[in-house]
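Here is the structure we will look at.
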Amino acid sequence: MDKRAELSEFLRSRRARLQPEDVGIRPFGGRRRVPGLRREELAQLAGVSVDYYVRLEQGRTRNVSEEVLDAVARALRLDHDERAHLRNLARPKATARRRPAPRPERVRPGLRRLLEMADGVPAYIIGRRCDVLGWNRIAAALFTDFGALPPAERNWARLIFLNEDVQALFDDWTYKAKETVAYLRLKAGEYPGDPEIAALVGELSVRSEDFRRWWADHNVRDKGHGRKHVHHPLVGAIALDYETLRLPDDPDQALVTYTVEAGSESETALRLLSGWGVKDAEMR
1 MDKRAELSEF LRSRRARLQP EDVGIRPFGG RRRVPGLRRE ELAQLAGVSV
51 DYYVRLEQGR TRNVSEEVLD AVARALRLDH DERAHLRNLA RPKATARRRP
101 APRPERVRPG LRRLLEMADG VPAYIIGRRC DVLGWNRIAA ALFTDFGALP
151 PAERNWARLI FLNEDVQALF DDWTYKAKET VAYLRLKAGE YPGDPEIAAL
201 VGELSVRSED FRRWWADHNV RDKGHGRKHV HHPLVGAIAL DYETLRLPDD
251 PDQALVTYTV EAGSESETAL RLLSGWGVKD AEMR
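Quick note, in full-length UniProt numbering, the sequence shown goes up one by one and the last residue is 284.
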């Protein structure tokens, strides 16, 4: 990934979201050829010279200070994830010192046992490249049989964009897909030299027009918590609340769990699915 190009495109995309009247400044005169704030307007808002901001956006500054990045982030109204992404792109050497080089991702035996013991709670562990590194039986029954897939295909980005059965599960597939793209781009900014992330992005860009279009939006978002609505072919509609738990000694791995409201139709559906999963496993 070309960090200078990524930084330039990211800042331009964030400027395009804002109009002068949105941030309380008077527009510079003349016909506006591009959407959003001009560089001059952004520099005025951030309190830096136009020349310095232009060099920053072009990736031609060295050792840009935290104060300048904070000022630009405030001017662009960046959220927490976008601020982190800006720092990764603008200060790659500084972030590289804090973050070790990528290494093969493996799930500890204790975590695998934890997944197995979480009976009735769909759960899996996802890595920095959207790889599904570990899962329990009910997660496989709910989403897809991860164990039956080749290792390279146990990847949420590939499943969401290339697997029609998985796509059909989500009532709002577009939201889920955009969310996946934003997570992958965030991780690409943290590990710009990871060849496997680059290969994954290249493959999906070729094979999916949707991925290619949304990747160009430069949106970033970490995994957190929320609600997903799925429609399972065996048990019907299920409303799932998910939580993402980071591992303290390996923040690139996250445990994602899904729960349902007690006494709800979703709880009944998930219990039926869990029972089906047991019978299916016994038949193998």
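Even for Gly, the Cβ is constructed at its ideal location relative to N, Cα and C.
All figures in this text were calculated on a predicted structure; none of them were measured in a lab.
Opening and closing residue of the alpha helix (DSSP H) in which residue i lies
i: VAL121; result: Neither: VAL121 is in no alpha helix (DSSP H) and is coded neither H nor E.
i: VAL181; result: 173-190
i: ARG246; result: First-last for ARG246: 236-247, but that is the beta strand (DSSP E), not the alpha helix (DSSP H).
i: ARG195; result: Correcting the residue type first, residue 195 is Pro in the shown sequence and not Arg. Unbroken alpha helix (DSSP H) run through PRO195: 195-207.
i: ALA139; result: 137-142
i: TYR170; result: The residue you asked about is not Tyr; residue 170 is Phe in the sequence shown. Taken as a continuous stretch (DSSP letters only), PHE170 belongs to no alpha helix (DSSP H), as it is neither H nor E.
i: VAL50; result: 50-57
i: PHE146; result: Where PHE146 is concerned, there is no enclosing alpha helix (DSSP H), given that its DSSP letter is neither H nor E.
Local Cβ density within 10 Å of residue i, reported as buried at 16 or more and exposed below that
i: ARG62; result: exposed
i: LEU234; result: exposed
i: ALA148; result: exposed
i: VAL201; result: buried
i: PHE189; result: Per the sequence shown, residue 189 should be read as Gly rather than Phe. Buried is the call here.
i: GLU6; result: buried
i: SER266; result: buried
Where residue i falls: helix, strand or coil (DSSP)
i: HIS80; result: helix
i: ASN163; result: coil
i: HIS229; result: strand
i: GLN253; result: strand
i: ARG97; result: With a pLDDT of 46 at ARG97, under the threshold of 50, the modelled position of this residue cannot be trusted; read the value that follows with caution. Of the three classes helix, strand and coil, the one that applies to ARG97 here is helix, per DSSP.
i: VAL132; result: strand
i: THR61; result: coil
i: ASN88; result: helix
Inter-residue Cα distance where the pair is residue i and residue j
i: LEU255; j: ALA16; result: 35 angstroms
i: LYS279; j: ASP145; result: Caution applies to LYS279, whose pLDDT of 45 falls short of 50 and renders its modelled position unreliable; the value that the coordinates give is listed next. Approximately 14 angstroms between the Cα atoms of the pair.
i: GLU9; j: ALA216; result: 9 angstroms
i: ASP222; j: ASP81; result: 6 angstroms
i: ARG284; j: ALA198; result: Legend: pLDDT at ARG284 = 38, less than 50; position of this residue unreliable, value from coordinates given subsequently. If you take the alpha carbons of ARG284 and ALA198, they lie about 37 angstroms apart.
i: VAL206; j: ALA152; result: 17 angstroms
i: ARG97; j: LEU89; result: Note that ARG97 scores 46 on pLDDT, short of 50, meaning its location in the model is unreliable and no value can be drawn from it.
i: TYR258; j: GLY193; result: 32 angstroms
i: PHE161; j: ARG26; result: 43 angstroms
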